[in-house]
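Report on the structure given below.
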Amino acid sequence: MFGRFDFDVIARSLPYLFYDGMTFTLTLTALATMGGIALGTLLAMMRLSRSVPLSVLAATYVNLMRAVPLVLMIFWFYFLMPYIGQWVVGAAQPVRVGAFASSVVTFMLFEAAYFSEIMRAGIQSIPRGQVAAALALGMNYPTAMAYIVLPQAFRNMIPVLLTQTIILFQDTSLVYVLSITDFLGAASKVAQRDGRLVEMYLFAALVYFIVSLAASQGVRVIERRTAIVR
Amino acid sequence: MITISEVSKWYGTFQALKRCSTEVAKGEVVVVCGPSGSGKSTLIKCVDGLEPFEQGRIIVDGVSVGDPRTRLPRLRARIGMVFQHFELFPHLTVIRNLTLAQIKVLGRAKEEAIAKGMRLLDRVDLGDHAHKYPGELSGGQQQRVAIARALAMDPIAMLFDEPTSALDPEMINEVLDVMVALAKDGMTMMVVTHEMGFARQVAHRVLFMDKGEIVEDAPTAAFFDRPHSERARAFLSKILQH
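So the protein sequences, as listed, match chains L and P.
Anchor point for the first sequence: position 193 equals 193 in our numbering, and the numbering is continuous, going up by one each time.
Anchor point for the second sequence: position 222 equals 222 in our numbering, and the numbering is continuous, going up by one each time.
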């Protein structure tokens with residue numbers, strides 16, 4: 001039954017798929033992960049702080065982000081960012097924001113909500129005595145956080161953070177709606193140009209599957225290595 | 001050195017400390033004992049500013065702990081604290097545990113901090129374990145590291161919160177030996193403990209607490225020979241039975 005399929009189209013488009021498509025996908029995943037974890041950690045600390053306004057602000061942000069579909073967020077940001085930019089800068093025209101910049105910002109802000117919940121659990125998993133010991137040595141709260149609590153929280157949470165990153169890697173394919181050439185976008189463009197939808201989408205699925213599976217196997221190995229002996 | 005006057009503390013409606021007053025002079029070793037839940041740990045945590053208190057005053061080396069203007073980190077850096085559950089930092093090696101606060105809080109150079117840390121590790125007989133992680137050490141060894149970590153800050157006084165309560169019996173003495181040596185060197189110490197042998201050997205005074213009150217505050221010999229309150233007598237007869 002495969003006789004009527006042309007799998008050669010895959011070989012012909014490999015450079016385009018990986019050099020253009022996969023590079024974009026991985027760059028977006030990496031930037032969104034780093035930004036998401038940084039912002040997420042900040043949100044987690046705000047949420048756990050004794051200041052009620054900070055805590056409410058962080059909780060509202062997280063709940064809001066988690067209540068909106070990601071595709072909708074991608075659309076919204078893409079169409080709104082030029083106007084927000086205009087308002088911030090005070091320009092006469094909507095600011096030009098590229099699809100790339102817009103999607104990076106969207107994913108960072110969106111993923112920060114998820115990463116913040118992970119980091120919150122991580123921070124809460126550190127015994128209170130650790131903070132007391134750090135304070136008793138004369139450290140102030142930020143120092144205790146930076147050198148004692150966060151490194152341990154981060155280490156405890158590495159497997160979960162990486163698993164979330166794998167989900168993010170798959171979710172980046174949603175930038176397809178902005179006609180961006182990520183890996184799926186590239187596959188889709190070739191598929192439609194050459195009329196080889198089945199072949200290309202099959203191949204795309206296979207690549208996502210292999211990358212995700214390999215990554216989650218990697219997470220297991222890391223999980224065993226990073227466990228802190230108590 | 002440490003003056004505690006009329007200190008009261010509440011957890012919600014529960015009064016954890018009731019008008020506690022006492023003094024610890026420079027070079028003095030004071031043992032705090034009493035049944036569990038009597039407020040001993042709470043009292044020494046108040047001295048280090050780790051627990052707030054609502055009434056009274058605690059003065060450490062001329063600095064008022066409860067004063068909101070007091071820079072607590074600065075004060076705490078000068079007081080050593082040893083916890084029941086050691087609270088070593090599990091993600092750092094033993095030597096990093098000893099040097100981190102020296103570098104980040106006291107601003108010492110790294111080499112100086114390491115040299116100081118190694119001297120103290122040798123003093124508690126753990127020089128060979130400097131590059132291990134706390135999880136690789138026994139409880140007794142971890143507590144000795146914790147004592148060394150506190151000493152690395154050159155404290156003017158040391159507070160011990162039940163330092164041997166979480167240890168297996170065969171490890172208690174190695175920790176007590178370190179504390180006895182410290183007491184004999186003239187360190188000012190406030191020790192919450194049930195180790196009455198330690199109290200007899202090095203304490204100048206014993207405080208007996210019950211239900212948040214300091215019931216008895218007497219020189220060591222007088223406390224053991226002629227406790228004047230009924231509660232202290234009952235406590236001693238229970239703890240010294242064997």
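Note that beta-carbon positions come from the ideal geometry of N, C-alpha and C, so glycine has one too.
Residue i, buried or exposed, once every other Cβ within 10 Å from all chains shown has been counted against 16
{"i": "P/ASP67", "result": "exposed"}
{"i": "L/ILE148", "result": "buried"}
{"i": "L/ASN63", "result": "exposed"}
{"i": "L/ARG12", "result": "exposed"}
{"i": "P/TYR11", "result": "exposed"}
{"i": "L/THR234", "result": "Residue 234 of chain L is absent from the model: chain L starts at 1 and stops at 230."}
{"i": "P/THR13", "result": "exposed"}
{"i": "L/SER51", "result": "exposed"}
{"i": "L/PHE169", "result": "buried"}
{"i": "P/ASP185", "result": "exposed"}
{"i": "P/ALA222", "result": "exposed"}
{"i": "P/PRO227", "result": "buried"}
{"i": "P/ALA152", "result": "buried"}
{"i": "P/HIS129", "result": "buried"}
{"i": "P/LYS45", "result": "buried"}
{"i": "P/GLN102", "result": "buried"}
{"i": "L/VAL79", "result": "Per the sequence shown, residue 79 of chain L should be read as Phe rather than Val. Counting Cβ neighbours within 10 Å, L/PHE79 comes out exposed, since fewer than 16 surround it."}
Beta-carbon neighbours of residue i, restricted to chain L and to distances below 8 Å
{"i": "P/ARG76", "result": "LEU135, ALA136, LEU137 and GLY138"}
{"i": "P/PRO73", "result": "LEU135, GLY138, MET139 and ASN140"}
Chain L residues whose Cβ lies nearer than 7 Å to that of residue i
{"i": "P/VAL105", "result": "LEU137, GLY138 and MET139"}
{"i": "P/MET153", "result": "LEU137 and GLY138"}
{"i": "P/LEU100", "result": "TYR147"}
For residue i, the three-state DSSP class (helix, strand or coil)
{"i": "P/SER215", "result": "The question names Ser, but residue 215 of chain P is Val in the sequence shown. If DSSP states are grouped into helix, strand and coil, P/VAL215 belongs with the strands."}
{"i": "L/VAL62", "result": "helix"}
{"i": "L/VAL68", "result": "coil"}
{"i": "P/VAL82", "result": "strand"}
{"i": "L/SER51", "result": "coil"}
{"i": "P/PHE160", "result": "strand"}
{"i": "P/VAL30", "result": "strand"}
{"i": "L/ILE126", "result": "coil"}
{"i": "P/GLN15", "result": "strand"}
{"i": "P/SER229", "result": "coil"}
{"i": "P/GLU6", "result": "strand"}
{"i": "L/THR106", "result": "helix"}
{"i": "P/SER21", "result": "strand"}
{"i": "L/VAL88", "result": "helix"}
{"i": "L/ASP6", "result": "coil"}
{"i": "L/VAL97", "result": "coil"}
{"i": "P/ASP122", "result": "helix"}
{"i": "P/PHE208", "result": "strand"}
{"i": "P/PRO73", "result": "helix"}
{"i": "P/SER36", "result": "coil"}
{"i": "P/ASN97", "result": "helix"}
{"i": "L/MET73", "result": "helix"}
{"i": "P/GLU87", "result": "coil"}
{"i": "P/LEU106", "result": "coil"}
Interface partners of residue i on chain P, CB under 7 Å
{"i": "L/ILE148", "result": "PHE89"}
{"i": "L/ARG155", "result": "HIS91"}
Neighbour list for residue i in chain L, Cβ cutoff strictly below 9 Å
{"i": "P/LEU50", "result": "ALA132, LEU135 and ALA136"}
{"i": "P/PHE83", "result": "GLY129, ALA132, ALA133 and ALA136"}
Cβ separation of residue i and residue j, assumed to be a contact under 8 Å, to the nearest whole Å
{"i": "P/VAL82", "j": "P/ILE147", "result": "6 Å"}
{"i": "P/GLU174", "j": "P/ARG144", "result": "7 Å"}
{"i": "L/PRO151", "j": "P/HIS85", "result": "That pair is no contact at about 19 Å."}
{"i": "L/LEU14", "j": "L/SER103", "result": "Going by Cβ atoms, the distance from L/LEU14 to L/SER103 rounds to 24 Å, so no, they are not a contact pair."}
{"i": "P/GLY34", "j": "P/LYS40", "result": "5 Å"}
{"i": "P/ARG78", "j": "P/PRO134", "result": "In fact, because the Cβ distance is near 24 Å, the residues do not count as touching under 8 Å."}
{"i": "P/THR193", "j": "P/GLU28", "result": "So it is not a contact: roughly 16 Å between Cβ atoms."}
{"i": "P/ASP217", "j": "P/THR3", "result": "Actually they do not touch by this definition, with Cβ atoms about 13 Å apart."}
{"i": "L/GLY21", "j": "L/ASP182", "result": "6 Å"}
{"i": "L/MET238", "j": "L/ALA58", "result": "With chain L running from 1 to 230 in the structure shown, residue 238 of chain L is simply not present."}
{"i": "L/MET157", "j": "L/MET119", "result": "7 Å"}
{"i": "L/LEU135", "j": "P/ARG76", "result": "6 Å"}
Residue i beta carbon near the ligand HEM (any heavy atom closer than 6 Å)
{"i": "P/PHE53", "result": "The ligand HEM is absent from the structure shown, which contains no ligand whatsoever."}
Proximal chain P residues relative to residue i, where beta-carbon distance stays under 9 Å
{"i": "L/GLN152", "result": "PHE89, PRO90 and HIS91"}
Chain P contact residues for residue i, given Cβ-Cβ distances below 8 Å
{"i": "L/THR143", "result": "LYS104 and VAL105"}
Alpha helix (DSSP H) segments (min. 4 residues) lying fully within the segment 38-70 of chain P: With a minimum length of 4 residues, the continuous alpha helix (DSSP H) runs that stay inside the segment 38-70 of chain P are 40-47.
Which complete alpha helix (DSSP H) runs does the segment 142-189 of chain L hold, if anything under 4 residues is left out? Along the length of the segment 142-189 of chain L, whole alpha helix (DSSP H) runs at least 4 residues long occupy 150-171, reported in chain order.
What are the complete beta strand (DSSP E) segments, minimum 3 residues, inside the segment 134-203 of chain P? Correct list: 157-161 and 189-192.
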